[in-house]
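> Right, I'll just put the structure down here and ask away after.
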Amino acid sequence: MAARWVLHLDMDAFFASVEQLTRPTLRDRPVLVGGLGGRGVVAGASYEARVFGARSAMPMHQARRLVGAGAVVLPPRGVVYGLASRRVFDTVRARVPVLEQLSYDEAFGEPTELAGATSSEVEAFCQALRAEVRTETGLVASVGAGSGKQIAKIASGLAKPDGIRVVGRDQEQTLLSGLAVRKLWGIGPVAEEKLHRLGIETIGAFAALSEAEVADILGATVGPALHRLARGIDDRPVAENAPAKQISAESTFAEDLTTLEQLRGAMGPIGEHAHRRLEKDGRGARTVTVKLKRSDMSTLTRSATLPYATTDPSTLIGTARRLLLDPIEIGPVRLVGVGFSGLTEVRQEPLFTDVDLTAEETSGDGPLPSTLSDAAAAAPAWRIGDDVSHTEHGHGWVQGAGHGVMTVRFETRATGRGPARTFSDHDPALTRANPVDSLAWPEFVDELAR
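The sequence shown begins at 7 in my numbering and counts up one residue at a time.
Here it is in C-alpha cells:
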C-alpha cells in the first residue's frame, strides 16, 4: 500500500465533447446529447450547458428549459462514441497496460513504473498521459491519483474539468473527512438517509464510528467494507473486467397488467433503463429479449436478433415492444423485463429504424418461431444530428430540417468549422453517411478492420 499509485482517468463531458470534436461549429456551444422525445433523458451535457444547471440523467425537457434557446440538442451516436473510446483507451494502454475500464469514458489503472514514486513524479506521468490522449484524439481527460480506487476516483472528480489531482498519503484523511458521506463509493440514497437520520453527514463522521456501530447501521457485510474505505483503506486490485454477456432491466408491478397497451406503456421506462446501462457499458447489442412473468409465476421469453449491433434506442426499444404478447392471449402479466445481448463494439448504426426480424418465443415447451413483419420499407425522415454525404460537398450533418428542406453543415474533426448549405430533403445528391466518418480517422478504422 505504501508504494502503490492508482489512477482514475475520466474523459470530460465525453458524449458532448465527441460531438464538439466532430462538429467544430458546436465548440463553445451548450450541447445536450440524449433522447429527443417527450420522455427523453440527457445522456451527456457539455460544460457550456452545465453552467446553466443541465446534467446527465436529467429529463431533456428540463435541461432544454434551463439552457434556453441556445441549446443544441442531438441524438446519441453510439458508433462514434464507441470508436472514440477505443482510441482513447488504446492510447492509455500504451502507457498503462492493465486497465479496469468502467464505461466508454472512465477507467482505473495502476502503472507499475509508479510504484514508490513521489507525488510530483505521479503528476508528471499524468500530465504526459493526458497530453498523449489529447494529441491522439483531440479529447480532454481529467486524472486523479491516490493509494486506491476510492481516492483516485474522488481526485479525478476534483480535477475536472481538464485537470490533474494527485492526493498524497498525508492528504488522504483530510480530504476524506470533509466530504459528504454520499461521496463514499457504495453509499447510495438509502444508506445516505440512514446515516443522515443519525446525524452522520461526512465521511469523517462515518469513519469515527466503531465497526460494531457500522455493522448495525448498514449490515455485517457492507458496513465494514465501507468503513474501511472511509478510513482510507482500499487494497482492491485494478484488473481487466470480464465483459457482461447481457445487459437488462425488469420491473414487477403492484397489479397485474391485463392489456397490450399497458404492456407497451410499461416497456418504455424499462427499455430506457436497460438502454442507459447499455450506453454506459460502451458496446452495441444485436439481440433483444423480452421476459414476461405471468400471474401464475410461469415465465415466457421472446427474442429477436438484428442484422447489426446498435445502441440506437428507437431500434432496440421498438424491437422490444414488437416482441410483447397480448395478455388477453397469454394471461395477466406481473413482471416485464428487457435484455440486450450479442454485445460487441459497435461498427454500424442502423439507417432504418425498423428492420425485418425473426423472433424466437420460448416457454416451458421450448422455442416457437414467429415472424415480425411490420418492418418499415423506407428510411425515416431526416432529423437534426443525422450524418449525410453529398456528392460535391462531402461529409456533413443535419443542422435543421422541416417543411421539405434541410440545412446541412459540411464539416468533420479534420476540417474545422465548415459551411452550411440548404437543400430539398429529397435531393438525390444527399445520402445517409456512416457517422464514423465524422471522426476523420481512416487509418485507425482501417487498422481495426484488419
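Note that the Cβ used here is the ideal one computed from N, Cα and C, for glycine as well.
1) Under three-state DSSP, which class holds Y110?
2) Would you mind reading off the limits of the beta strand (DSSP E) that contains T287?
3) Should Y87 and V47 be called a contact, given that it needs their Cβ atoms to be closer than 8 angstroms?
4) Is P356 helix, strand or coil by DSSP?
5) Give a yes or no on whether the C-beta atoms belonging to V98 and L15 are separated by under 8 angstroms.
6) Any idea which residues DSSP pairs V48 with across the strands?
7) Assess contact between the stretch 311-320 and the stretch 244-252, defined as three or more Cβ pairs (one per stretch) separated by less than 8 angstroms. Is contact present?
8) Per DSSP, what kind of secondary structure is K155 in: helix, strand or coil?
9) Report yes if the CB atom of L72 is closer than 8 angstroms to the CB atom of I390, and no otherwise.
10) Do you know offhand how far L298's Cα is from A100's?
11) Between which two residues does the beta strand (DSSP E) holding G343 run?
12) Relative to the C-alpha of L330, which residue among R300, R427, P243, L266 is closest?
13) Note down, in chain order, each residue of its chain lying with its Cβ closer than 7 angstroms to the Cβ of P264, except the 5 sequence neighbours on either side.
14) Quick one: using the 10 Å Cβ neighbour count with 16 as the cut-off for buried, is V172 buried or exposed?
15) Tell me the DSSP secondary structure of I193 in three-state form.
16) Check for me: the alpha helix (DSSP H) holding E127 runs from which residue to which?
17) Do G238 and E335 count as a contact pair if the criterion is CB distance below 8 angstroms?
18) Consult DSSP for K299 and reduce its assignment to one of helix, strand or coil.
19) For M66, which of helix, strand or coil comes out of DSSP?
20) Does the beta carbon of H409 come closer than 8 angstroms to any beta carbon on chain B?
21) Any heavy atom of the ligand SAM within a distance shorter than 7 angstroms of the CB on S126?
22) Please go through the same chain and pick out, in chain order, the residues whose beta-carbon is closer than 7 angstroms to the beta-carbon of T28, but skip the five residues on each side of it.
23) Can you tell me which of the three DSSP states S395 falls into?
24) Nearest-angstrom Cα distance between P65 and G40?
25) What are the boundary residues of the beta strand (DSSP E) that Q26 is part of?
26) Verify whether the separation of the beta carbon atoms of T295 and S309 is less than 8 angstroms.
27) Take the Cβ of K155 as the centre, count every other Cβ of all protein chains shown within 10 Å, and call the residue buried at 16 or more, exposed below.
28) In terms of residue numbering, what span does the alpha helix (DSSP H) encompassing A236 cover?
Judging by the given coordinates:
1) In this structure, Y110 counts as coil in the three-state DSSP scheme.
2) At residue 287 the sequence reads Asp, which differs from the Thr that was named. From DSSP, D287 is part of no beta strand (DSSP E) but of the alpha helix (DSSP H) over 266-287.
3) Result no, Cβ atoms of Y87 and V47 do not sit closer than 8 angstroms.
4) Reliability fails at P356, whose pLDDT of 45 lies under 50, so the model's placement of it is uncertain and no value is given.
5) Contact: yes.
6) DSSP, once it has assigned bridges, lists G40 as partnering V48.
7) In this structure the stretch 311-320 does not touch the stretch 244-252; the number of beta carbon pairs closer than 8 angstroms is below three.
8) Correct three-state label for K155: helix.
9) It is not a contact, given that the beta carbons lie outside the stated cut-off.
10) One C-alpha to the other measures close to 46 angstroms.
11) Boundaries of the beta strand (DSSP E) harbouring G343: 339-347, taken from the DSSP string.
12) Selected option, being the one with the closest Cα: L266.
13) Contrary to the premise, residue 264 reads as Thr rather than Pro in this sequence. Only P333, P338 meet the Cβ criterion.
14) Counting Cβ neighbours within 10 Å, V172 comes out buried, since at least 16 surround it.
15) In the structure shown, I193 adopts coil according to DSSP, grouped into three states.
16) Element bounds for E127: 125-143.
17) Cβ distance not < 8 angstroms, so E335 and G238 don't count as in contact.
18) K299 falls in the strand class under three-state DSSP.
19) Of the three classes helix, strand and coil, the one that applies to M66 here is helix, per DSSP.
20) Protein chains in the displayed structure number just one, and chain B is not present.
21) By its list of ligands, the structure shown contains no ligand whatsoever, and the ligand SAM lies outside what it can speak to.
22) So the list reads V86, T418, R419, S444, L445, once near-sequence residues are dropped.
23) Strand at S395.
24) Cα to Cα, P65 sits roughly 9 angstroms from G40.
25) Taken as a continuous stretch (DSSP letters only), Q26 belongs to no beta strand (DSSP E), being part of the alpha helix (DSSP H) at 20-28.
26) Yes, the pair counts as a contact, with Cβ atoms nearer than the cut-off.
27) Of the other Cβ atoms in all chains shown, 16 or more fall within 10 Å of the Cβ of K155; this residue is therefore buried.
28) For A236, the enclosing alpha helix (DSSP H) has its first and last residue at 228-236.
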